[in-house]
Amino acid sequence: MARPRDPAKREALLTAAAELVAQLGPTASPAKIARQAGVSAGTIFVYFPTKDDLLNTLYVHLKANLRRHIHTSPEMPWPQRMRRAWDDYIDWGFTHPLQARALAVLSASERVTPQTRAEAQTIFPEFEKWGAESRTPNSSEAVEAVGEGAPAGFLDASFYALADMVIAHGTQQAEEAAKTGSGAADNKTASAGKAGTEKTATPVAEDSELAERRERWRQAGYAMFWEYMQRQPGESYFSARLDFK
1 MARPRDPAKR
11 EALLTAAAEL
21 VAQLGPTASP
31 AKIARQAGVS
41 AGTIFVYFPT
51 KDDLLNTLYV
61 HLKANLRRHI
71 HTSPEMPWPQ
81 RMRRAWDDYI
91 DWGFTHPLQA
101 RALAVLSASE
111 RVTPQTRAEA
121 QTIFPEFEKW
131 GAESRTPNSS
141 EAVEAVGEGA
151 PAGFLDASFY
161 ALADMVIAHG
171 TQQAEEAAKT
181 GSGAADNKTA
191 SAGKAGTEKT
201 ATPVAEDSEL
211 AERRERWRQA
221 GYAMFWEYMQ
231 RQPGESYFSA
241 RLDFK
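Here the sequence shown is numbered in full-length UniProt numbering, starting from 1 and rising by one per residue.
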């Protein structure tokens with residue numbers, strides 16, 4: 001008789017897998033993932049018979065999590081919807097850095113099958129729709145922005161490549177700022193303690209500076225997105241990642 005499956009354990013395994021794939025890549029072992037999730041090593045195979053089953057399920061799971069954070073409306077003109085999707089994607093990446101990193105790793109992994117990628121694409125029907133709209137000859141704005149005849153996969157390829165770059169740089173800077181900021185806060189706290197004033201200090205200036213840098217990257221990334229489509233219609237996803245990593 002098959003063992004009953006606990007949705008909470010499945011979620012814990014996917015969360016642990018995302019964290020370890022972000023840190024170690026697709027080679028993260030099932031044993032480590034099970035340990036991180038707080039379950040026995042054999043339990044993981046109750047939910048995911050093979051490592052590839054786990055990675056492919058995780059890929060779709062992360063795409064679904066991302067989709068819930070993108071708030072677009074069919075009533076918006078397609079350029080507005082694309083910009084809203086960009087901003088929401090960047091926000092998701094900055095607030096869920098491990099998930100974003102894991103998704104980027106899996107997106108570049110051959111262990112994620114074409115069938116799984118096709119399934120995940122159905123979560124984002126906007127890209128296919130926008131891709132068709134951008135190639136409609138009657139839409140002068142679209143043709144000017146994207147270039148007539150751009151292939152269907154080009155729009156989302158460029159979008160993800162540049163958004164991943166912005167998220168990766170923003171996350172790295174945040175990690176570095178956290179290390180530097182912690183030291184600055186400790187120094188300020190020590191000085192304040194000696195003077196008998198405040199017991200704690202918060203590096204507000206560093207946080208503000210980081211927010212400004214992130215916003216510049218967000219704006220610059222989106223500008224590059226449109227410019228790249230104008231200049232290089234037809235580039236593959238692989239080429240886009242090479243150009244902008």
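In this text, a Cβ means the ideal position worked out from N, Cα and C, and glycines have one as well.
Bear in mind the structure is a predicted one, so any value in this text is a computation, not a measurement.
Where residue i falls, given that 16 or more other Cβ within 10 Å makes a residue buried
i      : result
Arg81  : buried
Ser73  : exposed
Leu103 : buried
Ser208 : exposed
Ser29  : exposed
His96  : buried
Met165 : buried
His61  : buried
Arg216 : exposed
Arg5   : exposed
Pro49  : exposed
Residue i versus residue j - alpha carbon distance
i           : j      : result
Asn65       : Thr180 : 31 Å
Gly147      : Leu13  : A caution first: Gly147 carries a pLDDT of 43, below 50, which makes its placement in the model unreliable, though a value can still be read off. C-alpha separation (whole angstroms): 43 Å.
Ala17       : Ala177 : 26 Å
residue 246 : Ile44  : Absent from the model: residue 246. The displayed extent of the chain is 1 to 245, so no value can be given.
Asp52       : Phe225 : 32 Å
Arg68       : Ala41  : 31 Å
Ala117      : Leu98  : Here residue 117 turns out to be Arg, not Ala, going by the sequence shown. Near 20 Å, if we compare the C-alpha coordinates of Leu98 and Arg117.
Thr214      : Tyr222 : For the record, residue 214 in the displayed sequence is Arg; it is not Thr. Whole-angstrom Cα-Cα distance: 12 Å.
Tyr237      : Glu212 : Model confidence at Tyr237 stands at a pLDDT of 38, short of 50, so the residue's coordinates are unreliable and nothing is read from them.
His169      : Glu75  : 33 Å
Gly38       : Pro79  : 45 Å
residue 247 : His71  : Because the chain spans 1 through 245 in this model, residue 247 falls outside it and cannot be assessed.
Ile90       : Arg101 : 12 Å
Gly193      : Ala157 : No answer about Gly193 holds up, because its pLDDT of 39 lies below 50 and its placement is not dependable.
Nearest residue (CA-CA) to residue i, options the options
i      : options                      : result
Gln36  : His96, Pro49, Val21, Val46   : Val21
Asp87  : Lys63, Ala163, Ala174        : Ala163
Val105 : His71, Gly170, Ala223, Glu19 : Glu19
Ala8   : Tyr47, Leu24, Thr27, Lys32   : Tyr47
Ser107 : Thr57, Ala211, Arg83         : Thr57
Every unbroken alpha helix (DSSP H) within the UniProt domain "HTH tetR-type" (7-66), with a cutoff of 4 residues, ordered by chain: 7-24, 30-37, 44-47
For the stretch 65-107, which segments carrying the alpha helix (DSSP H) assignment without a break, of at least 4 residues, lie completely within its bounds, in sequence order? 78-95, 97-107
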